[in-house]
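Notes follow the structure.
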Amino acid sequence: MRPWSWLAPCVFVSVLGTSHVAVAADGAEPASEEAKQKAQEHFSKAKDLYQDGNYVAAKKELEAAHKLDPTAKDLLYNLGIVCEKMQEYDDAIAHFRDYQKLEDLSPGEKEKAETILRRIEGAKKANPPKKVESPQVIVKTVEVPVDRTPSRGRVDGLTIAAGGLTIAAAVTGTVFGVLALSAHPANGTATGAEYSYARLQDDTDRAKTFALVSDIGFGVAVAGAVATAILFFARTKDAPKKAFAPLQVKF
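Convert by adding 52 to the 1-based position in the sequence shown; the result is the number in the numbering used here.
Next comes the structure, spelled out in structure tokens:
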């Protein structure tokens, strides 16, 4: 007979007054003496842990003892009690079901086990497992104001052509302006054998012609600059997309 009994002061319950060795219903072989000794050590640790309120560690020690000595009915019984204490009702019910399958149980042991099972099943119904609700995710759609005003400043062939014309006209006006200044006779230029009146008149006419071309060049440059500005700023960056009618092929 193995010393599996845990007395009443130890809250752990043992099956007293009956044999502590039973034959498992599944035909498990009795443990060797060495295994029984190791199982007893685990059982003693479980008892101390249970008295300290450390039910989780006590359960582990009892499970280790039961693995070493599967025919010790008190181990199954106390495992069921510990699981009930931890509110692990499914495990507690399983242990007591296994306990009921053991052979050589007295009618009193069977009746007591059945009473405990009814108590555990009642506790299970009264304390259903709490459902862990997943956190609610709230998705809010925030409308961000978007400036739908089309961006202006288109650079295309027309803009480039107008800009090029403006630059060419400005260069022409500058060149002919310089020529007009260089060709125009200085004020007070005297005519004589070396510088005839006809030559003076000719230089004056050429200077006027150069000046006229220069004025026209600058005028075109100003007009080109205005045109370039209008073509650039008055139109959007992207040209409107052309809508093409669907192609219909008839045979």
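Glycine residues also receive a C-beta, built at the ideal position from the N, C-alpha and C atoms. The structure presented is a predicted model; accordingly, all values stated were derived computationally and were not measured.
Excluding five sequence positions before and after V265, the CB atoms of its chain that fall closer than 6 Å to its own CB belong to F228, given in chain order.
Burial of E113 is indicated by the presence of at least 16 other C-beta atoms within 10 angstroms of its C-beta. Per DSSP, the beta bridge partners of T288 are R204.
Contact annotation: the region 199-216 does not touch the region 231-239, with fewer than three C-beta pairs closer than 8 Å. The three-state reading of DSSP puts Y247 in coil, since its state is none of H, G, I, E or B. By alpha-carbon distance to F95, the top candidate from V207, Y247, D126 is D126. In this structure F285 is exposed. Its beta-carbon is surrounded by fewer than 16 other beta-carbon atoms within 10 angstroms. A direct Cα-to-Cα measurement between V134 and P187 gives close to 33 Å.
Counting along the chain, T224 sits inside the alpha helix (DSSP H) bounded by residues 209-235. Spanning the alpha carbons of T201 and T256 requires a straight line of approximately 57 Å. When the beta-carbon positions are compared, Q139 and N106 stay at least 8 Å from each other. Annotation: the continuous alpha helix (DSSP H) that includes S96 extends over 85-103.
In the DSSP annotation of this structure, the continuous segment of the alpha helix (DSSP H) that includes P159 starts and ends at 159-178.
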